[in-house]
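Right, one structure below, let's go through it.
In the working numbering, the protein residues as written are 81 to 929.
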């Protein structure tokens with residue numbers, strides 16, 4: 081570029097800077113507005129959950145203490161034999177003692193009473209002056225209910241009620257019917273207090289005989305004080321309703337009982353939609369209109385009232401004694417953010433003003449730079465000291481000095497690039513450009529010293545199979561795309577590394593709450609849920625995640641090891657996410673011991689085939705059997721659930737499969753030769769994909785047939801559909817080689833895997849086995865629309881045999897015959913049994929049915 085075409089340095093520096101600054105500010109403001117709603121929604125959900133949990137816990141404490149007290153009273157009265165027929169003086173003294181000594185400060189307790197089977201009653205009511213009113217009906221009062229002005233029997237009588245029978249009271253009848261502690265229905269007192277009452281009920285037993293009912297009345301509306309206090313602190317409107325949507329307590333003013341004149345429901349609790357509080361009324365109306373109480377789950381919704389936006393949550397509340405209530409919570413949007421939007425806007429304006437001032441000041445300072453050679457010398461000194469991040473000198477309007485500065489900058493740039501490349505080889509992964517394991521450990525140590533957080537170890541499931549099927553080059557490309565997805569999903573302050581072949585480590589600072597840890601883990605799973613677009617096809621992968629909490633006193637290397645244990649557990653349990661627990665180390669030791677036992681069992685030939693017959697549905701004859709692996713020990717038979725998955729993971733399944741194959745072929749050859757089984761009898765042996773991918777497997781089968789003298793036509797090898805790796809050439813080649821020997825191939829558990837019909841056409845197979853889950857759902861009405869019917873139609877096109885697994889009833893067998901399914905196996909005919917216990921009555925099932 082010639083001097084005539086050069087622009088001024090001030091223009092070259094300031095113009096791009098101003099443009100970038102303005103674009104950045106615009107993008108940030110736009111992004112902030114777009115994310116505002118999401119932020120408010122997230123904050124409101126957390127706030128509602130926190131407040132509701134507070135109310136839930138306080139309500140539990142409010143109800144639990146009186147109920148437990150009532151249970152204690154009933155037990156002690158019965159245990160100490162305080163009840164005496166006709167005279168309740170001992171019960172009276174005990175109740176007064178407990179009321180005054182233990183429940184005086186429990187404001188919600190109103191009345192404690194005792195009603196016996198012989199119609200006697202004694203009770204105390206707490207008065208506003210902290211005194212007690214005694215109520216008695218026994219032989220001392222001539223069997224009349226006498227209410228005294230005090231806590232003792234005296235001449236000072238308030239009123240007398242004749243013909244009072246406690247056994248017909250609503251607090252007595254439920255206990256007599258159920259003979260267990262429970263809550264009474266909620267009701268409103270019709271006196272001047274207008275109090276909502278809920279009674280805790282408990283039976284009294286003496287020598288295991290039911291004698292009476294102890295009742296503790298609770299003034300539910302005293303809970304209003306807590307709700308009003310909560311509203312004054314948080315501006316949250318709270319109400320509690322029952323399943324009929326009637327108010328129990330609320331944070332607004334006024335009673336929850338209808339006492340107005342002219343009301344048909346005078347004295348009854350108000351419906352929530354009749355509340356005087358417009359927020360509660362609006363919220364309850366939404367709950368009623370959308371039937372939110374029906375599914376007994378936490379529900380979120382929002383509405384606008386008088387120009388204010390409200391966020392709401394309705395939460396079910398249940399206790400172990402039969403209460404089913406609902407807690408409604410409403411908070412205004414203004415309470416969540418307050419003046420934040422206005423302050424944020426003002427901060428942007430102030431930042432813009434300060435930035436403009438800075439630009440002007442920079443221009444003034446820039447105009448004073450007249451000594452580029454001096455600045456170049458200073459820069460050289462800094463580079464000599466290892467300061468690679470210092471400011472480099474800027475060219476001036478003098479040609480010679482500009483050339484000198486440019487040459488110096490070029491040299492410095494090359495030196496810095498060489499230094500960074502050397503450092504990068506140690507710090508960063510060459511494939512994904514993320515941190516290496518060493519770089520991650522160094523960076524995480526610095527982070528963990530000042531910020532607690534959580535370490536996530538993400539592993540791609542069956543990555544070796546992906547490499548084998550797609551090639552290592554495509555496998556590397558998949559890792560690069562996965563790293564890019566993670567980098568684009570996670571915040572910039574998170575540390576991200578590739579610590580192993582298919583493992584990525586993520587350190588999330590300040591993520592320590594259980595809910596936040598789970599949210600981020602789910603987000604990582606979602607990141608990998610969409611397909612990965614490769615050159616010729618899309619690849620769907622699944623991941624597992626090991627999670628470890630990191631504190632400042634923990635070594636990052638130890639956390640990485642623990643996260644690896646958690647990741648292994650996630651893969652073994654086929655769960656997406658596993659949070660590390662010290663118990664996992666014990667489980668890892670158990671797994672090691674189990675592997676040692678399996679190895680020992682292989683050496684001792686302890687794996688034996690159990691046989692389940694395969695029946696021809698038309699003729700009823702036994703035409704074959706499936707050989708199922710069982711582990712025979714001195715202590716009994718170990719189910720395949722205990723060892724198959726572990727054997728597959730460790731590669732020991734190949735040796736186990738070899739034993740089962742050899743013994744099955746041997747038993748079948750002996751049975752055919754002795755006439756126990758027919759000459760065209762087919763023995764079905766399950767194969768692991770790990771066996772089928774071995775290059776020497778076909779030779780192993782050939783040698784097994786030669787040793788056992790079993791004809792190849794009598795052997796069928798079963799492969800589970802969901803375990804077949806798409807387009808694996810080794811599997812196809814081995815299947816073709818087995819077919820060429822005269823061996824039949826069966827696809828097991830058909831319909832439960834992911835194979836497409838197009839891919840299924842590539843597989844050389846002779847038989848499809850319908851999974852038992854489809855057979856169990858067969859019924860007469862939907863037989864033509866069943867999956868079994870669809871599979872039966874598919875097999876007609878493939879011209880292969882069809883076997884239905886899991887047949888347990890005669891009706892299922894008849895329906896399968898209607899669908900022209902030729903063969904079946906299941907408990908209807910026989911459970912899997914050892915060769916020696918093969919049932920003799922299976923010659924012809926049709927004869928027995």
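Heads up, the beta-carbon is just placed ideally off N, CA and C, and yes, glycines get one too.
Note that the coordinates shown come from a computational prediction; the quantities given were computed from them, not determined experimentally.
### Task
State the CB to CB distance for the pair residue 728 and residue 768, rounded to an integer number of angstroms; the pair is presumed to be in contact (CB under 8 Å).
Residue numbering aside, residue 728 sits at position 648 when the chain shown is read from its first letter. Residue numbering aside, residue 768 sits at position 688 when the chain shown is read from its first letter. Contact holds; Cβ gap of about 6 Å.
### Message
Rounded to whole angstroms, what is the Cα-Cα separation between residue 124 and residue 548?
### Response
Locating residue 124 in the chain shown gives position 44, counting from the first residue. Locating residue 548 in the chain shown gives position 468, counting from the first residue. So the alpha carbons of these two residues sit roughly 48 Å apart.
### Reduced DSSP secondary structure (H/G/I, E/B, other) of residue 226
Residue numbering aside, residue 226 sits at position 146 when the chain shown is read from its first letter. Residue 226 falls in the strand class under three-state DSSP.
### Task
Give, in chain order, every unbroken run of the beta strand (DSSP E) that is at least 3 residues long and sits entirely within the region 573-605.
Secondary structure remark: continuous beta strand (DSSP E) runs of at least 3 residues inside the region 573-605, in chain order: 575-578 and 583-589.
### Query
When every heavy atom of the ligand HEM is checked, does at least one fall within less than 7 Å of the C-beta of residue 320?
Within the structure as shown, the ligand HEM is missing, as the structure has no ligands at all.
### Task
Tell me where the beta strand (DSSP E) around residue 395 begins and ends.
Position 315 of the chain shown, counted from the first residue, corresponds to residue 395. Residue 395 -> beta strand (DSSP E) spans 388-398.
### Task
Spell out the partners DSSP gives residue 326 in its beta bridges.
Working through the chain shown from its first residue, we reach residue 326 at position 246. The secondary-structure analysis by DSSP pairs residue 326 across a beta bridge with 351.
#### Entry: Whole-Å CB distance - residue 651 paired with residue 624, under 8 Å assumed
Against the chain shown, residue 651 aligns to sequence position 571. Against the chain shown, residue 624 aligns to sequence position 544. With a Cβ gap of about 5 Å, residue 651 and residue 624 count as contacting.
### Query
What's the gap between the Cα of residue 272 and the Cα of residue 244?
As a working mapping, residue 272 is identified with position 192 in the chain shown. As a working mapping, residue 244 is identified with position 164 in the chain shown. At residue 272 the pLDDT is 43, less than 50, meaning the model places this residue with poor confidence and gives no usable figure here.
### Task
Return the chain-ordered ranges of every beta strand (DSSP E) run that is complete within the region 730-818 and spans a minimum of 3 residues.
Counting only runs of 3 or more, we get 762-767 and 795-800.
### Anticipated Cβ contact below 8 Å, residue 54 with residue 318, distance rounded
This structure cannot speak to residue 54, because the chain is shown only from 81 to 929.
### Task
Determine the contact status of residue 586 and residue 532, defining contact as a CB-CB distance below 8 Å.
As a working note, residue 586 is residue 506 in the chain shown. As a working note, residue 532 is residue 452 in the chain shown. Result no, Cβ atoms of residue 586 and residue 532 do not sit closer than 8 Å.
### Query
Can you tell me the Cα-Cα spacing of residue 506 and residue 513, whole angstroms?
Here residue 506 corresponds to residue number 426 of the chain shown, with the count starting at 1. Here residue 513 corresponds to residue number 433 of the chain shown, with the count starting at 1. Going from the Cα of residue 506 to the Cα of residue 513 covers about 11 Å.
### Query
Quick one: what does DSSP say residue 254 is sitting in, helix, strand or coil?
Here the question's residue 254 lines up with position 174 in the chain shown. Correct three-state label for residue 254: helix.
### Message
Taking only three categories from DSSP, how would you classify residue 956?
### Response
In this structure the chain extends from 81 to 929, so residue 956 is not present and cannot be described.
### Query
Should residue 628 and residue 639 be called a contact, given that it needs their Cβ atoms to be closer than 8 Å?
Start at 1 with the first residue of the chain shown, and residue 628 comes out as number 548. Start at 1 with the first residue of the chain shown, and residue 639 comes out as number 559. For residue 628 and residue 639, yes; Cβs fall inside 8 Å.
### Under the three-state DSSP convention, the category residue 889 falls into
To locate residue 889, count along the chain shown from 1; it is residue 809. In this structure, DSSP gives residue 889 a state outside helix and strand, which the three-state scheme calls coil.
### Query
If you count every other CB in all the chains shown that lies within 10 Å of the CB of residue 392, and 16 or more means buried, which is it?
For the purposes of this step, residue 392 is identified with residue 312 of the chain shown, where counting begins at 1. Residue 392 should be labelled buried.
### Task
Using a threshold of 8 Å, state whether the C-beta atoms of residue 858 and residue 872 are closer than that.
For the purposes of this step, residue 858 is taken as residue 778 along the chain shown, with counting starting at 1. For the purposes of this step, residue 872 is taken as residue 792 along the chain shown, with counting starting at 1. The beta carbons of residue 858 and residue 872 sit no closer together than 8 Å.
#### Entry: CB contact below 8 Å: residue 589 versus chain B
Absent here is chain B; the protein component of the structure consists of one chain.
### Presumed contact (8 Å Cβ cut-off) between residue 262 and residue 402, rounded CB distance
As a working note, residue 262 is residue 182 in the chain shown. As a working note, residue 402 is residue 322 in the chain shown. The distance from the Cβ of residue 262 to that of residue 402 is about 6 Å, consistent with a contact at the 8 Å cut-off.
### Message
Contact between the region 313-330 and the region 171-189 is defined here as three or more beta-carbon pairs at a separation below 8 Å; is this criterion met?
### Response
Too few Cβ pairs lie closer than 8 Å, so no.
### Query
Where residue 712 and residue 907 are concerned, what is the direct C-alpha to C-alpha distance, given to the nearest angstrom?
Mapped onto the chain shown, residue 712 falls at position 632. Mapped onto the chain shown, residue 907 falls at position 827. C-alpha of residue 712 to C-alpha of residue 907: approximately 21 Å in a straight line.
### Query
Where in the region 134-219 do unbroken runs of the alpha helix (DSSP H), each at least 4 residues long, occur, reported from the N-terminal end onward?
Here the runs fully enclosed are 169-182.
### Query
By DSSP, does residue 550 sit in helix, in strand, or in coil?
Here residue 550 refers to the residue found at position 470 of the chain shown. In the three-state scheme derived from DSSP, where H, G and I count as helix and E and B as strand, residue 550 is classed as helix.
### Query
For the alpha helix (DSSP H) that residue 358 lies in, which residues bound it at each end?
For this step, residue 358 is matched to residue 278 along the chain shown. Start and end: 358-369.
### Message
Helix, strand or coil for residue 377? Go by DSSP, reduced to three states.
### Response
Counted from its first residue, the chain shown places residue 377 at position 297. Residue 377 sits in coil when the DSSP states are folded into three classes, being neither helix nor strand.
### Query
Straight-line CA distance for residue 165 to residue 290?
Numbered from its first residue, the chain shown carries residue 165 at position 85. Numbered from its first residue, the chain shown carries residue 290 at position 210. C-alpha separation (whole angstroms): 13 Å.
### Query
Mind checking whether residue 558 and residue 619 have CB atoms under 8 Å apart?
For the purposes of this step, residue 558 is taken as the residue at position 478 of the chain shown. For the purposes of this step, residue 619 is taken as the residue at position 539 of the chain shown. Contact: yes.
### Meets three-Cβ-pair contact criterion under 8 Å: the region 757-765 and the region 789-801
The region 789-801 and the region 757-765 touch, with three or more beta-carbon pairs separated by less than 8 Å.
### Task
Answer with buried or exposed for residue 395, where buried requires no fewer than 16 other C-beta atoms within 10 angstroms of its C-beta.
Within the chain shown, the letter at position 315 stands for residue 395. Classification of residue 395: buried, given that the 10 Å Cβ count is 16 or more.
### Task
Determine the DSSP secondary structure at residue 620, reduced to helix, strand or coil.
The residue you call residue 620 lines up with position 540 of the chain shown. The answer is coil: DSSP assigns residue 620 none of H, G, I, E or B.
### Task
Could you say which of 216, 232, 220 and 235 lies nearest to residue 226 if we only look at CA atoms?
Taking the first residue of the chain shown as 1, we reach residue 226 at position 146. The shortest C-alpha separation from residue 226 is found at 216.
### Query
Between residue 41 and the rest of its own chain, which residues show a CB-CB distance below 6 Å, the 5 nearest in sequence each way excluded?
Given that the chain is displayed from residue 81 to residue 929, the structure contains no residue 41 and the question cannot be resolved.
### Task
Would you tell me roughly how many angstroms separate the C-alpha atoms of residue 528 and residue 912, rounded to the nearest one?
Residue numbering aside, residue 528 sits at position 448 when the chain shown is read from its first letter. Residue numbering aside, residue 912 sits at position 832 when the chain shown is read from its first letter. If you draw a straight line from the Cα of residue 528 to the Cα of residue 912, it is about 56 Å long.
### Task
Identify whether residue 854 lies in helix, strand or coil by the three-state DSSP scheme.
For the purposes of this step, residue 854 is identified with residue 774 of the chain shown, where counting begins at 1. Note: residue 854 maps to helix in three-state DSSP.
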